[in-house]
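First to last, the sequence lines map onto chains H and X. Read in order, the letters of the first sequence are residues 139 to 362 in my numbering. Read in order, the letters of the second sequence are residues 139 to 362 in my numbering.
2 protein chains.
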Amino acid sequence: MPKILLVEDDIQLAKNLMLFLTSEGYTVTHATGQAAGIEAFEGGSFDCVLLDLSLGDGSGFTVCAAIKAASDVPVIFLTASADEACTVAGFEVGADDYISKPFRPRELVARMKNAMRKNSRSSAALSCGNVTIDPARGIVTKNGAEVYLSALEYRLLLVFFSNKDKLLSRDRLTEELWSVSGEYVSDNTLNVYMKRLREKIEDDPQSPSIILTVRGMGYKAVDK
Amino acid sequence: MPKILLVEDDIQLAKNLMLFLTSEGYTVTHATGQAAGIEAFEGGSFDCVLLDLSLGDGSGFTVCAAIKAASDVPVIFLTASADEACTVAGFEVGADDYISKPFRPRELVARMKNAMRKNSRSSAALSCGNVTIDPARGIVTKNGAEVYLSALEYRLLLVFFSNKDKLLSRDRLTEELWSVSGEYVSDNTLNVYMKRLREKIEDDPQSPSIILTVRGMGYKAVDK
DNA sequence: GCATAGTATCACCTCTTTGTTATATCAGTA
DNA sequence: TACTGATATAACAAAGAGGTGATACTATGC
Chain H
139 MPKILLVEDD
149 IQLAKNLMLF
159 LTSEGYTVTH
169 ATGQAAGIEA
179 FEGGSFDCVL
189 LDLSLGDGSG
199 FTVCAAIKAA
209 SDVPVIFLTA
219 SADEACTVAG
229 FEVGADDYIS
239 KPFRPRELVA
249 RMKNAMRKNS
259 RSSAALSCGN
269 VTIDPARGIV
279 TKNGAEVYLS
289 ALEYRLLLVF
299 FSNKDKLLSR
309 DRLTEELWSV
319 SGEYVSDNTL
329 NVYMKRLREK
339 IEDDPQSPSI
349 ILTVRGMGYK
359 AVDK
Chain X
139 MPKILLVEDD
149 IQLAKNLMLF
159 LTSEGYTVTH
169 ATGQAAGIEA
179 FEGGSFDCVL
189 LDLSLGDGSG
199 FTVCAAIKAA
209 SDVPVIFLTA
219 SADEACTVAG
229 FEVGADDYIS
239 KPFRPRELVA
249 RMKNAMRKNS
259 RSSAALSCGN
269 VTIDPARGIV
279 TKNGAEVYLS
289 ALEYRLLLVF
299 FSNKDKLLSR
309 DRLTEELWSV
319 SGEYVSDNTL
329 NVYMKRLREK
339 IEDDPQSPSI
349 ILTVRGMGYK
359 AVDK
């Protein structure tokens, strides 16, 4: 149940929005002004912020800047002003999207989802199942315990985890791992590496649950 | 100079757009239909795709799906239809933004930048001097050429590059590399790794310019 | 200059990684 | 069911990683 912070001084509009968002399965917290917005943000943890540009006690830009300075939560401007300069300014203070009133509720939700999706993707750690890569330290863990991977195994896993749910052909994988150095490797080498990697990260290497084989096509990392 | 792929069947509109985008410093490739769009995408590497929804030989949705299945390049729909259902559908096939015509050029650019920024944030390269780490691929390059580092050498370099200009004590470094596994290593081991790392990344390993020795204190990566 | 502690380098050993070939297993199909 | 191409596994050799102790160098204070 994603938590949304709505900063909007038009009470009637806010009520309608909250009604709709709640019915879509979101938990909404409402703040009516700049100060209240920043305070609410600091007091709770949110998955997305909807921000009116013109607030009673100041501009939404200030709120956006404050939020972005402290976190990476997506911020979407909701505004009456469809002015181009305002839109550009909104993006410049770090907004993730900018929607002009009157907005259409389903589009709003689509844009919120989009912003949240993007945001979670860029978070530091990559994980899949119970296995996590911390690219900032070059370390792989499984259920919290470190798993030692060789350089090539690490790179192979990285390719999978940064292309989760995507089918990766054997050619593509071979390319990612070996083309850089310009060498050619045997046809079977990838098979062997897949086995070694699975041996280290899968609970049951015989019936993999993290990296699946797609016969005739390639492999694919899935998040069970 | 970011490279843009524009898929648009309205020739006049495309011309205008290309003129504008070029003047803003983008390199634009133009494809006029669905098939041509996918072909162009596969043939080149782009930083962003602008996609008309209604193409002569098919829908932009197909193109978007094809692109998203193969890569993470940001895709922005440009469309005459301001229809809400279309917008939602656009986001559902993985689009990064959806702009209705007539669009305002500066807003378009702001949204393009936004989409590209989000996208690249996940793979911020770390570099120092002529050496670069690409944490998203686990690869180190020096003057563009790949340098093969072993797992420990890679982690050592990662510690330095993510703490650029900071003095790192020998204890701290030893901890970062070996404490995870709980093992104790000889006092001299770090010296040996420093030598091996320098051998691979420094222009002149005898007088290092990337990772400096601070006698009695530790080491420090500097950006010359 | 000499002593000293800190750092760099060397030679060496062991264990792992890397890539190969050979063989087994499996899924789909005639 | 038997065949076939695709994938998995096993076993091996060569190269390299990882770690150690001994030795050489170097900055600094006496």
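Glycine included, each C-beta is placed from N, C-alpha and C at the ideal position.
Could you tell me the alpha carbon to alpha carbon distance between residue i and residue j, rounded to whole angstroms?
{"i": "Glu-334(H)", "j": "Cys-266(H)", "result": "Checking the sequence, you will find Arg at residue 334(H) rather than Glu. Rounded to whole angstroms, Arg-334(H) to Cys-266(H) spans 18 angstroms at the Cα level."}
{"i": "Ala-359(X)", "j": "Glu-321(H)", "result": "32 angstroms"}
{"i": "Arg-249(X)", "j": "Thr-200(H)", "result": "20 angstroms"}
{"i": "Cys-186(H)", "j": "Val-187(X)", "result": "26 angstroms"}
{"i": "Glu-340(X)", "j": "Leu-296(X)", "result": "15 angstroms"}
{"i": "Glu-245(H)", "j": "Val-247(X)", "result": "21 angstroms"}
{"i": "Thr-312(H)", "j": "Asn-301(H)", "result": "15 angstroms"}
{"i": "Pro-279(X)", "j": "Ser-317(H)", "result": "The question names Pro, but residue 279(X) in the sequence shown is Thr. Their Cα atoms are separated by approximately 14 angstroms."}
{"i": "Asn-268(X)", "j": "Lys-338(X)", "result": "12 angstroms"}
{"i": "Val-213(H)", "j": "Leu-216(X)", "result": "22 angstroms"}
{"i": "Gly-198(X)", "j": "Glu-177(X)", "result": "14 angstroms"}
{"i": "Cys-202(X)", "j": "Lys-256(X)", "result": "18 angstroms"}
{"i": "Leu-287(X)", "j": "Ala-173(X)", "result": "42 angstroms"}
{"i": "Ile-142(X)", "j": "Leu-315(H)", "result": "27 angstroms"}
{"i": "Ala-397(H)", "j": "Ser-238(X)", "result": "Past the edges of chain H, shown from 139 to 362, lies residue 397(H), and the structure says nothing about it."}
{"i": "Lys-153(H)", "j": "Pro-243(H)", "result": "13 angstroms"}
{"i": "Leu-144(H)", "j": "His-168(H)", "result": "5 angstroms"}
{"i": "Arg-353(H)", "j": "Gly-228(H)", "result": "48 angstroms"}
{"i": "Tyr-343(X)", "j": "Asn-281(X)", "result": "Note that residue 343(X) is Pro in the sequence shown here, rather than Tyr. Taking the straight line joining both Cα atoms gives about 16 angstroms."}
{"i": "Leu-306(X)", "j": "Thr-327(X)", "result": "16 angstroms"}
{"i": "Glu-180(X)", "j": "Asp-309(H)", "result": "15 angstroms"}
{"i": "Ala-223(H)", "j": "Ala-283(X)", "result": "43 angstroms"}
{"i": "Ala-218(X)", "j": "Pro-240(X)", "result": "7 angstroms"}
{"i": "Ala-220(H)", "j": "Met-254(H)", "result": "23 angstroms"}
{"i": "Ala-233(X)", "j": "Asn-252(H)", "result": "8 angstroms"}
{"i": "Ser-345(X)", "j": "Phe-299(H)", "result": "39 angstroms"}
{"i": "Ile-349(H)", "j": "Ile-149(X)", "result": "45 angstroms"}
Quick one: what's got a C-beta closer than 8 angstroms to residue i's C-beta in the same chain, skipping five residues either side?
{"i": "Asp-147(X)", "result": "Thr-170, Gly-171, Asp-190, Ser-192, Leu-193 and Gly-194"}
{"i": "Thr-160(H)", "result": "Val-166"}
{"i": "Met-139(H)", "result": "Gly-163, Tyr-164 and Thr-165"}
{"i": "Met-156(H)", "result": "Leu-144, Val-166 and His-168"}
{"i": "Ser-324(H)", "result": "none"}
{"i": "Val-285(X)", "result": "Val-269, Val-278, Thr-279, Lys-338 and Ile-339"}
{"i": "Gly-182(X)", "result": "Lys-141, Leu-143 and Thr-167"}
{"i": "Val-231(H)", "result": "Phe-199, Cys-202, Ala-203 and Lys-206"}
Could you give the residue range of the beta strand (DSSP E) that holds residue i?
{"i": "Glu-284(X)", "result": "283-285"}
{"i": "Asp-309(H)", "result": "Segment 308-312 is the alpha helix (DSSP H) holding Asp-309(H); no beta strand (DSSP E) there."}
{"i": "Thr-165(H)", "result": "165-169"}
{"i": "Ala-359(H)", "result": "356-359"}
{"i": "Leu-189(X)", "result": "186-190"}
{"i": "Leu-290(H)", "result": "Unbroken run through Leu-290(H) is the alpha helix (DSSP H), 289-299; no beta strand (DSSP E)."}
{"i": "Lys-206(H)", "result": "Looking at the DSSP string, Lys-206(H) is not in any beta strand (DSSP E); the run it does join, the alpha helix (DSSP H), is 198-208."}
{"i": "Ile-277(H)", "result": "277-280"}
{"i": "Ile-348(X)", "result": "Per DSSP, Ile-348(X) belongs to no beta strand (DSSP E) and is neither H nor E."}
{"i": "Asp-235(X)", "result": "235-238"}
Between which two residues does the alpha helix (DSSP H) containing residue i stretch?
{"i": "Asp-272(X)", "result": "Per DSSP, Asp-272(X) belongs to no alpha helix (DSSP H); it is in the beta strand (DSSP E), 269-272."}
{"i": "Phe-158(H)", "result": "149-161"}
{"i": "Thr-217(H)", "result": "Note, Thr-217(H): premise wrong, no alpha helix (DSSP H); beta strand (DSSP E) at 213-217."}
{"i": "Val-330(X)", "result": "327-339"}
{"i": "Ala-322(H)", "result": "Correcting the residue type first, residue 322(H) is Tyr in the shown sequence and not Ala. That residue, Tyr-322(H), is in no alpha helix (DSSP H); it is neither H nor E in DSSP."}
{"i": "Val-226(H)", "result": "222-230"}
{"i": "Ile-176(X)", "result": "172-181"}
In its own chain, which residues sit with a C-beta less than 7 angstroms from the C-beta of residue i, not counting the 5 before and 5 after it?
{"i": "Thr-351(X)", "result": "Tyr-357"}
{"i": "Ser-347(H)", "result": "Gly-267, Glu-340, Asp-341 and Lys-362"}
{"i": "Thr-225(H)", "result": "Tyr-236"}
{"i": "Ala-204(X)", "result": "Ile-176"}
{"i": "Phe-158(H)", "result": "Pro-243"}
{"i": "Met-355(H)", "result": "Leu-305 and Ser-307"}
Given residue i, which residues of its chain have a CB within under 6 angstroms of its CB, disregarding the five upstream and five downstream residues?
{"i": "Lys-304(H)", "result": "none"}
{"i": "Phe-184(X)", "result": "Lys-141, Leu-143 and Val-211"}
{"i": "Arg-336(X)", "result": "Pro-343 and Pro-346"}
{"i": "Gly-196(H)", "result": "Gln-172"}
message = Using a Cβ-Cβ cutoff of 7 angstroms, what residues of the region 295-316 of chain X are near chain H? List them in chain order.
response = Leu-296 and Ser-300
Validate contact between the region 194-210 of chain H and the region 269-284 of chain H using beta carbons, cut 8 angstroms, 3 pairs = no
task = Give a yes or no on contact between the region 331-346 of chain X and the region 279-299 of chain X, applying the rule of three or more CB pairs nearer than 8 angstroms.
result = yes
message = Along the region 268-291 of chain H, where does the CB come closer than 8 angstroms to a CB of chain X? Name the residues.
response = Pro-273, Ala-274, Arg-275, Gly-276, Ile-277, Glu-284, Tyr-286, Leu-287, Ser-288 and Ala-289
inquiry  = Can you pull out the residues from the region 206-229 of chain H whose beta carbon lies closer than 7 angstroms to at least one beta carbon of chain X?
reply    = Glu-222, Thr-225, Val-226 and Phe-229
message = Along the region 239-251 of chain X, where does the CB come closer than 9 angstroms to a CB of chain H? Name the residues.
response = Arg-242, Pro-243, Arg-244, Glu-245, Val-247, Ala-248, Arg-249 and Lys-251
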